[in-house]
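Each protein sequence line maps, in turn, to chains Z and Y. For our numbering, add 299 to where a residue sits in the first sequence, where the first one is 1. So in our numbering, spot 283 of the second sequence is number 278, and the numbers just go up one at a time.
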Amino acid sequence: MATSEAYMRTPTQQAWLRFRRSSSGKAGMLIVGFFVLLALLAPFLYPYDATKDRHLRERLRPPTAEHIMGTDELGRDIFVRVVHGSRISLRVGVFAVGLAIVVGTVLGLLAGYFGGTTDMLISWLIDILLSFPSILLAIAIVAVIGPGISNAMIAVGIVQIPIYARLTRSVVISIKEQDFVSAAVGLGATHSRVIFRHVLPNGLSPLIVQGTLSIATAILDAAGLGFLGLGAQPPQPEWGLMISKGFLYFTRAPWISLFPGVAIMVAVLGFNLLGDGLRDALDPRTSR
Amino acid sequence: MTAYAIRRFLGLIPVLFGVSLLVFTFIHLIPGDPAVVMLGQRATPQALEKLRKQLNLDKPLFFNVKAAVEEKNPAALFESQYFSFANRILHGDLGESIFTKVDVATELRARFPATLELSIGAMLLAILVAIPAGIMAAVRKNSWVDLTVMTGALVGISMPIFWLGLLLIYLFAVNLHWLPPSGRLDVGLQVKPLTGMYVLDGLLRGNLAVTLNALKHLILPSIALGSIPMAVIARMMRGAMLEVMSQDYIRTARSKGLSERMVIWKHALRNAMLPVITIIGLMFGTLLTGAILTETIFNWPGIGKWLYDGIGARDYPIVQGGTLFIATVYVIINALVDLSYGFFDPRVQYH
């Protein structure tokens, strides 16, 4: 039955079938979907202005029915801030990875497709970026261009460029020698047509899988920068920043740091699970 | 093998050259006058001038064409910021801190043992937990053991380590008072440094109190720093083990009547260890150089915390020297890991 099933369906349908059989994929989709929904609906459910949020009389309250995650040192409701933090973290994750994919893919395409000196130069550049442990590189970049959420986003994105450059380069090199590409070139297709119609689509699956897993890393790295005071700045409700502010009070009020950390963990877990599930679906050979 | 090793290390030269270029450019990418940024708006013109001289900011960036033409001396072409910087670092001189005036290279040497001790502690912990866990998960695939190990590993990868560190401090130091929350030794205890790693120094100097106390301080940061390698190694171990267990020679070993224990320990494990050893090597490089968050939380006086403080103070010689040092250590470790393939697996041929 399995063979006839596979025979009858398009590759997309087969992938979808495999994805639905992957329990980590489903769990990941559920978690990621939840956070996306939360981020989209937050402004309607809990309208929030971080600059005006101060209720000093209610500071450092433990979790109660009224404030289910308690309040922080300025009397701000942690639950509302955690909810709004999802908007920041998801945006950072998606934009940073988007930047890395665009720049990395272009570099990898150029290196793999043209080879020779172009390849040498780009590979040299990538090796240099890879000489730094990722968090250090991100910290160094932010130290140079200045702290802030947008700069943290750029830094986290730059750190991930080598992953995509290498991935795309290897895909391009393995595909460009194949007959259908030679045929396209023989028929007079332009470079850009060959690249975008024939080469790139074949690299799409690993890019999607890696992209999902990268969002998880990007969220973690950006939170780390926020924690070190190099990312989002007060009073933004960024999760890493909230944990670092709570650090000062955490013997008296551990909930300030606790809940943003749970949020980071669950969100990152969601993207990791989704990435694993997508790998099962799109890249059945490499999955376990 | 030797030829490959030589080529691998020669290949590091262009990379390290690029790294030095990048680190050098850092200081010039800062918006505004670097001297003003470092000393602040209220610095006196004399102080600014002195710093500019000290950092060679009065010279051109790469090639001093003007001096070369005026003095009719091609060598003067290299009287530039980059070449004096490169000349300095090749002589092991990483400059001195702007604020504390300490020599960056000396400070790195003094602090590196602390980072090394923490990395070794974290890695030992990770290996001791992850390898048995990974093997058990593979041997009993799809059992509750497997599920627990794999879920644990996934959670470990997904947890921010600075948050895990805080939880550990809150639980074991603040509430239970079992372990100290920060630092490397209790106040009052000290040991004359030999290796700079206190656990070892205590043993070597016959001062057991120091060793025990240093170990106590080491536990919490090692758990925090070791969580990610632990998760990665466990996943890798399981994957490699499953891969090996599905091969023909394992079936042969089983069919000739060997006990399952023999099959796993003698036949499967040895071959499954190769990718695991690789990942351990690579992760060790990351630990050694990426302990910034952990060291900051636990107030651990290693290079990570020092670098972080240097960034906060805009002490650019520290940032430059520290980054350069870390990148160099990192690429060398990665090259050594590459070379170790041949040592652990004779089938590997180098080209």
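Each residue gets a CB set at the ideal place from its N, CA and C atoms; glycine is no exception.
Residue i bridges to which residues according to DSSP?
i        : result
Z:Thr516 : According to DSSP, which records beta bridges pairwise, Z:Thr516 is partnered with nothing at all.
Y:Asp98  : Y:Glu91
Z:Asp376 : Z:Thr370
Using C-beta distances below 7 Å, list every residue in its chain close to residue i, excluding the 5 sequence neighbours before and after it, in chain order.
i        : result
Y:Ser222 : Gly151, Met154, Ile156 and Leu159
Z:Val379 : Tyr345 and Tyr347
Y:Gly280 : Tyr325, Ile328 and Asn329
Z:Gly528 : Pro446 and Ser543
Z:Gln535 : Ala349, Ile387 and Ile448
Y:Ile214 : Leu174
Z:Phe558 : Met368, Ile377 and Val381
Y:Phe293 : Gly160, Ser177, Leu215 and Pro216
Z:Leu573 : Gly324, Gly327, Met328, Val331 and Thr511
Grab me the residues of residue i's own chain with a C-beta within less than 6 Å of its C-beta, minus the 5 sequence neighbours each way, in chain order.
i        : result
Y:Leu375 : Since the first residue of chain Y shown is -4 and the last is 346, residue 375 of chain Y is not available in this structure.
Z:Ser586 : Here Z:Ser586 scores only 45 on pLDDT, less than 50, and its place in the model should not be relied on; the value that follows carries that caveat. Excluding residues within five positions, the ones whose Cβ falls inside 6 Å are Arg578 and Asp579.
Z:Ile459 : The amino acid occupying residue 459 of chain Z in the given sequence is Gln; Ile does not appear at that position. Once the five neighbours on either side are set aside, the close Cβ partners of Z:Gln459 are Ala399 and Ser513.
Z:Ala522 : Trp538, Gly539 and Ile563
Z:Gly392 : Ile514, Ala517 and Ile518
Z:His354 : Gly374
Z:Ile444 : Asn450
Y:Asn51  : Gln76 and Ser79
Y:Glu65  : none
Y:Val194 : Thr206, Ala209 and Leu210
If I follow the unbroken alpha helix (DSSP H) through residue i, where does it start and stop?
i        : result
Y:His212 : Leu203 to Met240
Y:Trp139 : Trp139 to Ser153
Y:Trp158 : Ile156 to Leu163
Y:Asp28  : Premise fails: Y:Asp28 is in no alpha helix (DSSP H) and is neither H nor E.
Z:Phe343 : Ser322 to Leu344
Y:Val182 : It is not in any alpha helix (DSSP H) - Y:Val182 carries neither H nor E in the DSSP assignment.
Z:Thr444 : Here residue 444 of chain Z is Ile; the residue named in the question, Thr, does not match the sequence. Z:Ile444 -> alpha helix (DSSP H) spans Ser433 to Ile444.
Z:Pro461 : Ile448 to Lys475
Z:Ile494 : Run containing Z:Ile494: none; DSSP gives neither H nor E here.
Z:Leu529 : Where Z:Leu529 is concerned, there is no enclosing alpha helix (DSSP H), given that its DSSP letter is neither H nor E.
Z:Asn571 : Trp554 to Leu581
Y:Lys261 : Neither: Y:Lys261 is in no alpha helix (DSSP H) and is coded neither H nor E.
Y:Lys136 : Here Y:Lys136 belongs to no alpha helix (DSSP H), and DSSP marks it neither H nor E.
Y:Tyr244 : Asp243 to Ser250
Z:Ser543 : Trp538 to Phe546
Z:Trp423 : Gly415 to Leu429
Y:Leu5   : Thr(-3) to Leu5
Z:Lys479 : First, the residue type needs correcting, since residue 479 of chain Z is Phe and not Lys in the sequence shown. First-last of the alpha helix (DSSP H) with Z:Phe479: Asp478 to Gly485.
Y:Asp196 : Tyr193 to Leu199
If you drop the 5 nearest sequence neighbours on each side, which residues of the same chain put their C-beta closer than 8 Å to that of residue i?
i        : result
Y:Arg106 : Pro296, Gly297, Ile298 and Trp301
Y:Val31  : Ala38 and Leu43
Z:Ile507 : Leu577 and Leu581
Y:Met33  : Leu46, Ile93, Arg309, Asp310 and Tyr311
Y:Leu11  : Ala322, Thr323 and Val326
Z:Ile367 : Phe378
Z:Phe394 : Met452 and Gly456
Y:Val14  : Leu319, Ala322, Thr323 and Val326
Z:Ala301 : Unreliable positioning characterises Z:Ala301 in this predicted model, as indicated by a pLDDT of 49, which lies under 50. The coordinate reading is nonetheless provided below. None.
Y:Leu149 : Ala226
Y:Pro55  : Lys61, Ser75 and Gln76
Quick one: which unbroken alpha helix (DSSP H) runs of 4-plus residues sit fully inside the stretch 264 to 313 of chain Y? Chain order, please. DSSP runs (the alpha helix (DSSP H)) wholly in the stretch 264 to 313 of chain Y: 264 to 285, 287 to 292 and 298 to 307.
Three-pair Cβ contact test at 8 Å for the stretch 71 to 80 of chain Y versus the stretch 244 to 260 of chain Y: Not touching, per the Cβ criterion.
List, from N- to C-terminal side, the alpha helix (DSSP H) runs of 4 residues or more that fit wholly inside the stretch 14 to 88 of chain Y. The DSSP assignment places complete alpha helix (DSSP H) segments of no fewer than 4 residues inside the stretch 14 to 88 of chain Y at 29 to 34, 40 to 49, 60 to 65 and 76 to 85, in order along the chain.
Count the CB pairs spanning the stretch 450 to 458 of chain Z and the stretch 468 to 475 of chain Z that are closer than 8 Å, and state whether there are at least three. Too few Cβ pairs lie closer than 8 Å, so no.
Touching or not, the stretch 108 to 115 of chain Y and the stretch 173 to 191 of chain Y, by the rule of three or more beta carbon pairs under 8 Å? In the pairwise beta carbon analysis, the stretch 108 to 115 of chain Y is classified as touching the stretch 173 to 191 of chain Y: at least three pairs are separated by under 8 Å.
Quick test of the definition: if touching needs 3 or more C-beta pairs under 8 Å, does the stretch 547 to 555 of chain Z touch the stretch 161 to 169 of chain Y? The stretch 547 to 555 of chain Z, when compared against the stretch 161 to 169 of chain Y, does touch it at the 8 Å Cβ threshold.
Sufficient close CB pairs (3 or more, under 8 Å) joining the stretch 54 to 74 of chain Y to the stretch 3 to 10 of chain Y: Too few Cβ pairs lie closer than 8 Å, so no.
Tell me, please, whether the stretch 126 to 145 of chain Y touches the stretch 165 to 179 of chain Y by the rule of three or more beta-carbon pairs shorter than 8 Å. No: the two stretches stay apart, fewer than three of their Cβ pairs being nearer than 8 Å.
Any 3 or more C-beta pairs closer than 8 Å across the stretch 430 to 443 of chain Z and the stretch 495 to 511 of chain Z: Contact annotation: the stretch 430 to 443 of chain Z does not touch the stretch 495 to 511 of chain Z, with fewer than three C-beta pairs closer than 8 Å.
Does the stretch 484 to 493 of chain Z come close enough to the stretch 417 to 433 of chain Z to have 3 or more Cβ pairs within less than 8 Å? They do not touch, by the three-pair rule.
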